[in-house]
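**Q**
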Amino acid sequence: MSISSPRNNYNLRKKYQKGVRTLPEVTREQAKKFYETMCTIRCFEESVKKDFLNGEIPGFVHLYIGEEAIGTGICGALRTTDFIESTHRGHGHCIAKGADVNKMMAEIFGRIDGLCKGKGGSMHIADFSVGMLGANGVVGGGYNLATGAALASKMILKNDTVSVVFFGDGASNRGTFHEAANVAAAWKLPVIFVNEMNCWASTTPYRTTTAVENISDRAHGYNMPGVVVDGQNVFEVYAAAVEAVDRARRGEGPTFIEAKTYRIEGHFVGDPELYRKKEETMEIFHRTDPLKLFKSQCPEGIDFSQEELDGILTAARAKVAAAKEYAVSCEFPDESEFYKDVYVD
Amino acid sequence: MRKITFSEATREAMAEEMEKYPEVFVMGEDLARQGGIFGQFKGLPDQFPGRVIDTPISETFIVGGGVGAALGGARPVVDMHFADFIGVCMDEVLNQMAKIRYMFGGQAKIPLVLRAPDGLAGGGAAQHSQSVESFFIHIPGIKVVAPSNPYDAKMVLKAAIECDDPVLYFENKVLYKESGEVPEKEDEVPYEIGKARVEREGRDITIVSYSIGMKNARAAADELAKDGIQAEVIDLITLSPWDKECVLNSVKKTHRLCLVAESVKQGGAMAEVAATVAEEALEYLDAPILRYGAPFTPIPFAPTLEKLYRVYPEDLVKGIKGVL
Amino acid sequence: MATELLMPKLGLTMTEGTIDEWKKKVGDPVAKGEIIYSVATDKLTNDVESDTDGALLAIMVPEGETVPCKTVVGWIGAAGEAVPANAPSAPAAAGDGAGQTATAQESQKTAAPAAAHTAGEYVLATPYAKKLAKEKGFDLAAIPATGYKGVVVAKDVEGFVPAASAAPAGEAVKASPLAAKVAADLGINLKDVKAAHGRVLAEDLLRYLAETREKAEAGESADEREEVKNMSGMRKAIAKNMLASVQTSPTVTFNLGIDMTEMKRYREQLKAKEIKVSYTDLLVKFVSKALTEFPLLNCSVDGNKIIYKHYVNMGVAVALDNGLVVPNIQDADQKSLTEISKEVKELAKLAREGKLPPEKLQGGTFTITNLGMYGIESFTPIINQPEVAILGVNTMEDKVVVRNGEMCIRPIMNLSLTADHRVVDGSVAAEFLQRVKSLMENPALILA
Chain A
1 MSISSPRNNY
11 NLRKKYQKGV
21 RTLPEVTREQ
31 AKKFYETMCT
41 IRCFEESVKK
51 DFLNGEIPGF
61 VHLYIGEEAI
71 GTGICGALRT
81 TDFIESTHRG
91 HGHCIAKGAD
101 VNKMMAEIFG
111 RIDGLCKGKG
121 GSMHIADFSV
131 GMLGANGVVG
141 GGYNLATGAA
151 LASKMILKND
161 TVSVVFFGDG
171 ASNRGTFHEA
181 ANVAAAWKLP
191 VIFVNEMNCW
201 ASTTPYRTTT
211 AVENISDRAH
221 GYNMPGVVVD
231 GQNVFEVYAA
241 AVEAVDRARR
251 GEGPTFIEAK
261 TYRIEGHFVG
271 DPELYRKKEE
281 TMEIFHRTDP
291 LKLFKSQCPE
301 GIDFSQEELD
311 GILTAARAKV
321 AAAKEYAVSC
331 EFPDESEFYK
341 DVYVD
Chain B
346 MRKITFSEAT
356 REAMAEEMEK
366 YPEVFVMGED
376 LARQGGIFGQ
386 FKGLPDQFPG
396 RVIDTPISET
406 FIVGGGVGAA
416 LGGARPVVDM
426 HFADFIGVCM
436 DEVLNQMAKI
446 RYMFGGQAKI
456 PLVLRAPDGL
466 AGGGAAQHSQ
476 SVESFFIHIP
486 GIKVVAPSNP
496 YDAKMVLKAA
506 IECDDPVLYF
516 ENKVLYKESG
526 EVPEKEDEVP
536 YEIGKARVER
546 EGRDITIVSY
556 SIGMKNARAA
566 ADELAKDGIQ
576 AEVIDLITLS
586 PWDKECVLNS
596 VKKTHRLCLV
606 AESVKQGGAM
616 AEVAATVAEE
626 ALEYLDAPIL
636 RYGAPFTPIP
646 FAPTLEKLYR
656 VYPEDLVKGI
666 KGVL
Chain R
670 MATELLMPKL
680 GLTMTEGTID
690 EWKKKVGDPV
700 AKGEIIYSVA
710 TDKLTNDVES
720 DTDGALLAIM
730 VPEGETVPCK
740 TVVGWIGAAG
750 EAVPANAPSA
760 PAAAGDGAGQ
770 TATAQESQKT
780 AAPAAAHTAG
790 EYVLATPYAK
800 KLAKEKGFDL
810 AAIPATGYKG
820 VVVAKDVEGF
830 VPAASAAPAG
840 EAVKASPLAA
850 KVAADLGINL
860 KDVKAAHGRV
870 LAEDLLRYLA
880 ETREKAEAGE
890 SADEREEVKN
900 MSGMRKAIAK
910 NMLASVQTSP
920 TVTFNLGIDM
930 TEMKRYREQL
940 KAKEIKVSYT
950 DLLVKFVSKA
960 LTEFPLLNCS
970 VDGNKIIYKH
980 YVNMGVAVAL
990 DNGLVVPNIQ
1000 DADQKSLTEI
1010 SKEVKELAKL
1020 AREGKLPPEK
1030 LQGGTFTITN
1040 LGMYGIESFT
1050 PIINQPEVAI
1060 LGVNTMEDKV
1070 VVRNGEMCIR
1080 PIMNLSLTAD
1090 HRVVDGSVAA
1100 EFLQRVKSLM
1110 ENPALILA
């Protein structure tokens, strides 16, 4: 038995699923919004990385650089009232779901004006006002929460809210996945399992611990559609999300979307990455950077000049710089906050 | 007054709450078709179609899904079948339901009740007989209740369902079958989570317990009364956050404290009570604190051994007389 | 294993002693041979050395307090070791507030309880019993225990009636148990102590003690040019003894000049034989001889009785920086001049080093005190009680005298004998002096 390296398994050009798949209509405005979101995530992560390394941010942070197209494409297909369950690598999901960037940054800096009053931090960030039900510090902790929320929507509250749970290839090996996926499929719950297949479970290449080539192959065991998409192509991700969301709202149950991507940064900021070669990572990034590929990936009839795209990036950078400025201008929570929020009453 | 069993009392509570709040539902194993293994859900599936849900044997989903449903706007009651199985889904209790409100800065409410039948039931042995409530008083963010009689069972469950915080409701398997007076709905007095009750007043010693431990407390108090010893008996009802005030006030009056529970004595909920009294009212104690609980062993199967695992009223009587 | 420290019996006649100074504080490590405390007796301050390594566990008798010999004054043992439960209680202190801080604090653990418990024992009591006792101002140690395992429980406190004398806190003055106990031990009336926080606490007591001592030390003198100091233990002893002597004995002092020509020659002869003796040594030898012939000069008085000593223990006053001591040469009349000389030197050396064995300070029968080196010509020494006479030795100087009708120069030394007229009449004293003179002017007679 030979275990292939992630590199060899990494094939972004591989078509996700054969068959009839028509891309949904995307307006130029939508496409521009996708690019704006991806730029905001990229600039946000770069800013966080710099500030973390400068010692301004406590705790640990996990960056989403290179994976921006997934959160952007998935959330692009959701309503504000739909729910997402995020992960420790969750800044991108949070931004894509529409959270206020200033308040996000304040949270990551541990300030009282942060989304969670400085009590959560990077790994436990949430914005219930936009349906972002929280990052989760426990890998694989989100499946059942999302499935339960979907159960409440469909079976108890009888509304058409859809729930999404993001998870990595590492998390896909948690037993929690099985219990949630089984129930979701058995009861046709409106939940979408979005696997960000970034090839690394912390320091472990996924094929050394996982037998299947495509994790979405497992979906079939639950009688749930499983699709593979190019996680570097926001339009492909979006297309898969739209289809899954439609199914969910129609009451036809869950979908498993496996978005192939690659973790460009270390597991956490400061990770010495002794388990892989930096040049190889950078080579992959160079080839697959969703921001660079965006222009060429735009559907027919939609075109952006490089100047316009550069302008969007510059604007995103300014927005993130302002967010940082806002965050550090906020106070840390004081003692009065200490016992608040342990209980409602 | 009418008498109903503990089990019926919880069923009434469920029915009344499901009637009152359409977002209340219950899920767990063997509820709808069987009515719960102790009959505590009988009749509810017909009364509330679609809101009594039989789950697969997936405790992680039952609890995690319950938390998710609460996040999604429902008011779930989830059933653990046997309290022992909370071990299967400890992450959902410890890291999810207990933490979500605080770590998200108060954005979320988790109006979830986790029902957990516990205790020795004769031959249940190591994995089906435990009283595990003490694990959970160590976790900020969840509330822990353990009523000791049918009336409390009903009122505490109703309060738990209406509570916007996650509540672990420990119900003793032996108590299910026991009957007790429960007033008609209009005469009910709502229970406020966190309150203990002085069930019997006395001046010589305070006996504190909860759940089935109260049987020992009451029996010991009866026995002591024959010798003119007046024990004050307190039913804690809520173990977290518990009613310190009530216990401290009583100890300041009686100057002696006896604690009893069925669960393992070491590190138990009663240890917390003992420690608190020592911290905050040591100068009022006129005798060492007496504490009764299970020995530090898994629960044995053989009846001869299971018998040794239990605490008996005579143990308390003997101990109390030794410090008077 | 904790060992008791006792008030030593420094000689046969010593019955009590005063703790002059604690050189160690409670808790201080103590090495074998180190001085732990000093004891003052009549004319003597003696250091007490530790005969073991360890730590000072408790002080039972504070400085300045006088207790009978063999009284336990403290405890020594391994650091942190408890003082044994059966530790004898400290004797009641004089009410002069002479306790020092460490002593006061320590007495809570070590000092005398009344009934139920003994000193040094941790009183087993329930917290509630302690609280009640504290509120009522009862000494827990005094309350008999009836509770489980012999613990004092609330009902013991509630049923306790303190003995009037054992209740220093009284009904009127509220005091903490520690304060009550310390006050009782030091004989302080709690009513005299101002409580800073309602009831009298140990800290109030310590403040009171400090103030009292300050007042005592400050005396009445507000004059900056004056300085008030406490007497050393030795000074106190000297003062006490001198006063007692003057009050006891009606004295007469007799002066007589002695021609030391022969004595000088005799000394030179000895010197030529490598035997070096001082005039004091010679005096000891010759006066001792004379005393054997004058028993009334070598006796003591006890009421209406005269105790004749058929031995001569010749005291020799030794001046020290801070006072004087009088060690004695036992059986001086039986000893050779060389032996005497050697012993005088040793005693003087030991006295200056403060290492005089107590027995050398007891049982003297007569004293010689020499101020000759200061050029003194005559003085009136005070008798070293219970002796009845003391011989003052003055300077020796060449004087013009008449011998055989001719003027000549002779070395003359005055002797000043003070005698107790209760037993020594003038004629007896005079005869005795004459005999000393005769012996010293004819040294050969010593052999007679």
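Protein chains in written order, with the numbering used here: chain A, 1 to 345; chain B, 346 to 669; chain R, 670 to 1117.
Each residue gets a CB set at the ideal place from its N, CA and C atoms; glycine is no exception.
Remember, it's a predicted structure, so these values are computed and weren't measured experimentally.
Comparing the C-beta of A565/B with each C-beta of chain R, is any distance below 8 Å?
**A** Residue 565/B sits at position 220 when you count from the first residue of the second sequence. Chain R, which has no Cβ nearer than 8 Å to the Cβ of A565/B, makes this no.
**Q** Per the contact definition of three or more C-beta pairs closer than 8 Å, is the region 820-834 of chain R in contact with the region 791-809 of chain R?
**A** yes
**Q** For A491/B, would you say it is in contact with chain R, using Cβ-to-Cβ distances shorter than 8 Å as the test?
**A** As a first step, residue 491/B is located in the second sequence; it is residue number 146 there, counting from the start. By this cut-off, A491/B is not an interface position.
**Q** Can you tell me the Cα-Cα spacing of A871/R and Y447/B, whole angstroms?
**A** As a working note, residue 871/R is residue 202 in the third sequence. As a working note, residue 447/B is residue 102 in the second sequence. Whole-angstrom Cα-Cα distance: 48 Å.
**Q** Measure the alpha-carbon distance for R317/A versus G539/B and round it to whole angstroms.
**A** Locating residue 317/A in the first sequence gives position 317, where the first residue counts as 1. Locating residue 539/B in the second sequence gives position 194, where the first residue counts as 1. Answer to the nearest angstrom: the Cα atoms are 51 Å apart.
**Q** So which residues on chain R does L630/B lean against when the C-beta distance must stay under 7 Å?
**A** Numbered from its first residue, the second sequence carries residue 630/B at position 285. Here the neighbours are T795, P796 and Y797.
**Q** Report the neighbours of A146/A on chain B: residues whose CB is nearer than 8 Å to its CB, in chain order.
**A** On the first sequence, position 146 is the one that residue 146/A refers to. The contacting residues are G413.
**Q** According to DSSP, is S707/R part of a helix, a strand, or is it coil?
**A** Position 38 of the third sequence, counting from 1, holds the residue named residue 707/R. If DSSP states are grouped into helix, strand and coil, S707/R belongs with the strands.
**Q** DSSP three-state call for N715/R: helix, strand or coil?
**A** Here residue 715/R refers to the residue found at position 46 when the third sequence is read from its first residue. Judged by DSSP in its simplified three-state form, N715/R adopts strand.
**Q** Flag this pair as yes or no: are the beta carbons of G168/A and N198/A separated by less than 8 Å?
**A** Start at 1 with the first residue of the first sequence, and residue 168/A comes out as number 168. Start at 1 with the first residue of the first sequence, and residue 198/A comes out as number 198. Closer than 8 Å, so yes.
**Q** Under 8 Å, Cβ to Cβ, is there at least one residue of chain A near T400/B?
**A** As a working mapping, residue 400/B is identified with position 55 in the second sequence. Taking Cβ atoms only, chain A reaches closer than 8 Å to T400/B, which makes this a yes.
**Q** What did DSSP end up calling N858/R once you bin it into helix, strand or coil?
**A** Mapped onto the third sequence, residue 858/R falls at position 189. Note: N858/R maps to coil in three-state DSSP.
**Q** Closer than 7 Å by beta-carbon distance: list the chain B residues that pair up with Y706/R, in chain order.
**A** Locating residue 706/R in the third sequence gives position 37, where the first residue counts as 1. Near Y706/R there are no residues of chain B at all, since even the closest Cβ is about 38 Å away, more than 7 Å.
**Q** Looking at the unbroken beta strand (DSSP E) that takes in K348/B, where does it start and where does it end?
**A** The residue given as residue 348/B occupies position 3 in the second sequence. Segment K348 to T350, the beta strand (DSSP E) holding K348/B.
**Q** Taking only beta-carbon positions, decide if K843/R is within less than 8 Å of chain B.
**A** Taking the third sequence and counting its residues from 1, the one referred to as residue 843/R is at position 174. By this cut-off, K843/R is not an interface position.
**Q** Is C591/B helix, strand or coil when you go by DSSP?
**A** By 1-based counting over the second sequence, the position of residue 591/B is 246. C591/B: helix per DSSP, three-state reduction.
**Q** Taking M372/B as the reference, give the member of R347/B, Y366/B, G409/B and H600/B with the closest Cα.
**A** Numbered from its first residue, the second sequence carries residue 372/B at position 27. Nearest C-alpha to M372/B: G409/B.
**Q** Decide yes or no for the touch test of the region 72-87 of chain A against the region 297-307 of chain A: beta carbon pairs closer than 8 Å, at least 3 of them.
**A** no
**Q** Considering Cα atoms alone, identify which of A727/R, A988/R, Y791/R and V946/R is closest to A748/R.
**A** In the third sequence, the residue the question calls residue 748/R occupies position 79. Nearest option by C-alpha distance: A727/R.
**Q** Tell me the DSSP secondary structure of P640/B in three-state form.
**A** The residue labelled residue 640/B in the question sits at position 295 within the second sequence. It is coil, neither helix nor strand.
**Q** Have a look at P760/R and P813/R and give me their C-alpha separation to the nearest angstrom.
**A** Position 91 of the third sequence, counting from 1, holds the residue named residue 760/R. Position 144 of the third sequence, counting from 1, holds the residue named residue 813/R. Per-residue confidence for P760/R stands at a pLDDT of 37, beneath the threshold of 50, marking its modelled position as unreliable; no derived number is given.
**Q** Given that V792/R touches chain B, what residues does it touch there, using C-beta distances under 9 Å?
**A** Walking along the third sequence from the start, residue 792/R turns up at place 123. Chain B residues near V792/R: none, gap ~15 Å exceeds 9 Å.
**Q** So who's on the other strand from R1072/R, going by DSSP bridges?
**A** Sequence index remark: in the third sequence, residue 1072/R carries index 403 (1-based). R1072/R is bridged to E1075/R.
**Q** For T779/R and I857/R, I'd like the C-alpha separation in whole angstroms.
**A** Reading the third sequence from its first residue, position 110 is the one you call residue 779/R. Reading the third sequence from its first residue, position 188 is the one you call residue 857/R. Bear in mind that a pLDDT of 34 at T779/R, under 50, signals an unreliable position, so the model cannot answer this.
**Q** Considering only their Cβ atoms, is the gap separating D588/B from A541/B smaller than 8 Å?
**A** Translated into the one-based positions of the second sequence, residue 541/B becomes position 196. Translated into the one-based positions of the second sequence, residue 588/B becomes position 243. For A541/B and D588/B, yes; Cβs fall inside 8 Å.
**Q** So which residues of chain R does L627/B contact, with C-beta pairs closer than 7 Å?
**A** Counting from 1 along the second sequence, the entry for residue 627/B is found at position 282. Correct list: P796.
**Q** To the nearest angstrom, how far is it from the Cα of A1088/R to the Cα of T920/R?
**A** Against the third sequence, residue 1088/R aligns to sequence position 419. Against the third sequence, residue 920/R aligns to sequence position 251. Going by the C-alpha atoms only, they are around 5 Å apart.
**Q** So with CB distances below 8 Å, who are the chain B contacts of V822/R?
**A** Stepping through the third sequence from its first residue, residue 822/R is reached at position 153. Chain B residues near V822/R: D631 and A632.
**Q** Quick one: Cα of T176/A to Cα of C434/B, how far?
**A** The sequence position of residue 176/A within the first sequence is 176, counting from 1. The sequence position of residue 434/B within the second sequence is 89, counting from 1. Going from the Cα of T176/A to the Cα of C434/B covers about 9 Å.
**Q** How many Å lie between L801/R and T621/B at the Cα?
**A** Mapped onto the third sequence, residue 801/R falls at position 132. Mapped onto the second sequence, residue 621/B falls at position 276. Distance between the alpha carbons of L801/R and T621/B: 21 Å.
**Q** I need the straight-line Cα distance from C330/A to I112/A, nearest angstrom please.
**A** Residue numbering aside, residue 330/A sits at position 330 when the first sequence is read from its first letter. Residue numbering aside, residue 112/A sits at position 112 when the first sequence is read from its first letter. Near 7 Å, if we compare the C-alpha coordinates of I112/A and C330/A.
**Q** Alpha carbon to alpha carbon, how far is V423/B from A185/A? Give it in angstroms, no decimals.
**A** Translated into positions along the first sequence, residue 185/A becomes position 185. Translated into positions along the second sequence, residue 423/B becomes position 78. If you take the alpha carbons of A185/A and V423/B, they lie about 20 Å apart.
**Q** Does DSSP put H267/A in a helix, a strand or coil?
**A** On the first sequence, position 267 is the one that residue 267/A refers to. Reduced to three states, the DSSP call for H267/A is coil.
**Q** Quick one: is E937/R buried, meaning 16 or more other Cβ sit within 10 Å of its Cβ, or exposed?
**A** For this step, residue 937/R is matched to residue 268 along the third sequence. Per the 10 Å Cβ criterion, exposed.
**Q** Leaving out five residues before and five after A360/B in sequence, what residues of the same chain have Cβ atoms less than 7 Å from its Cβ?
**A** Taking the first residue of the second sequence as position 1, residue 360/B is located at position 15. For A360/B, where only same-chain residues beyond five positions count, the Cβ hits under 7 Å are L389 and Q392.
**Q** Within 10 angstroms of the Cβ of P996/R, are there 16 or more other Cβ atoms? Answer buried if so, exposed if not.
**A** Within the third sequence, numbered from 1, the residue matching residue 996/R stands at position 327. Only buried fits P996/R, as 16 or more other CB atoms lie within 10 angstroms of its CB.
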